[in-house]
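Residue numbers (our numbering): 1 to 254.
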Amino acid sequence: MSNLEIKRSFSQKHPVLAVVIIEALLFLAVFAAGAYATIRQLSGTAPVLISFIPIAAVLALYFSLKKKWGFYGFRRLRSIPKQDLVYYAPLLAVLAVIALKGFRPVTASEVLFYLLFTLLVGFVEESIYRGLILNILLPKGIKTAVLTSSILFAVTHILQVLSGQSGFQTVLQIVYALLIGGALALLMVRNRNILPLILFHFLHNFIQYVGNDNSDFYLGYDLTILALLALYCIWLTLSLKKTSVPTPAEQSFN
């Protein structure tokens with residue numbers, strides 16, 4: 001056995017199993033936190049806080065000990081080529097459409113809480129899906145990595161059923177998450193920078209939390225965003241076909 005084979009990590013040797021383990025652990029953590037929050041009659045955000053805070057700590061520790069921050073996309077924003085900034089414009093359009101729904105009255109303490117809460121969610125979910133899972137599967141091909149990470153990201157949102165929302169809203173949210181996951185994964189493949197994705201995820205969730213409650217009145221906004229995201233994914237896919245995108249191993253992440 002060569003030295004190269006000896007140094008290969010578990011995720012490199014068994015990428016599919018590694019992804020299954022990561023997703024299973026995430027589900028287990030969220031379900032356990034949800035069960036505890038239900039028993040203790042805690043707020044709706046409690047399960048995420050209980051599960052995501054330790055997950056965020058583990059991720060930060062892993063990235064630091066393994067010196068993997070750069071490898072998983074935590075790079076300076078200026079590393080993104082100026083000509084590629086146009087590919088992030090549709091994300092701003094999505095945020096603008098969501099903001100058109102308006103905002104509900106919130107206190108300063110609520111704003112602070114939701115800022116920290118949505119930043120936590122953005123960091124954890126992007127690190128897991130566009131960081132760990134996407135990179136683990138990239139050796140199997142961009143198509144496999146993007147589709148799998150996006151599908152798993154969408155499947156995770158099935159947990160929203162437990163919040164009591166309607167089946168239609170849940171299906172809409174799953175499709176929504178699938179398209180957003182696809183777009184963010186394609187952006188990650190293209191520019192290897194996860195910071196804009198975390199920023200978008202954070203702002204997207206924050207606007208939703210402080211915005212007006214979802215209802216049939218806002219269905220038109222949701223469908224508009226779905227159409228925009230579908231076209232966005234097609235655009236990004238076509239752009240990647242025209243560009244030679246280096247893999248993580250072919251890039252230097254300092």
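Every residue, glycine too, gets a C-beta built ideally from N, C-alpha and C. This structure is a prediction, so every number in the text was calculated from the model and none was measured.
{"Asked": "If you drop the 5 nearest sequence neighbours on each side, which residues of the same chain put their C-beta closer than 8 angstroms to that of Ser-239?", "Found": "Tyr-87 and Arg-190"}
{"Asked": "Assign Thr-107 to one of two classes, buried (16 or more other C-beta atoms within 10 Å of its C-beta) or exposed (fewer than that).", "Found": "exposed"}
{"Asked": "So, with DSSP's three-state summary, where would you put Gly-211?", "Found": "strand"}
{"Asked": "Who are the near neighbours of Ser-9 in its chain, counting only those whose CB is closer than 8 angstroms to its CB and skipping five residues on each side?", "Found": "none"}
{"Asked": "In terms of residue numbering, what span does the alpha helix (DSSP H) encompassing Thr-237 cover?", "Found": "219–241"}
{"Asked": "Can you tell me whether Phe-103 is helix, strand or coil according to DSSP?", "Found": "strand"}
{"Asked": "Report the rounded CA-to-CA distance for Gly-298 versus Leu-187, giving the unit in angstroms.", "Found": "Because the chain spans 1 through 254 in this model, residue 298 falls outside it and cannot be assessed."}
{"Asked": "Hey, would you say Ser-109 sits closer than 8 angstroms to Arg-130, going by beta carbons?", "Found": "no"}
{"Asked": "Can you tell which of Thr-224, Thr-237, Cys-233 and Lys-241 has the C-alpha that lies nearest to the C-alpha of Ala-96?", "Found": "Thr-224"}
{"Asked": "Which residue spans inside the segment 137–206 form an unbroken alpha helix (DSSP H) run of at least 4?", "Found": "142–156 and 167–191"}
{"Asked": "With 16 as the cutoff for other CB atoms within 10 Å, does Arg-75 come out buried or exposed?", "Found": "buried"}
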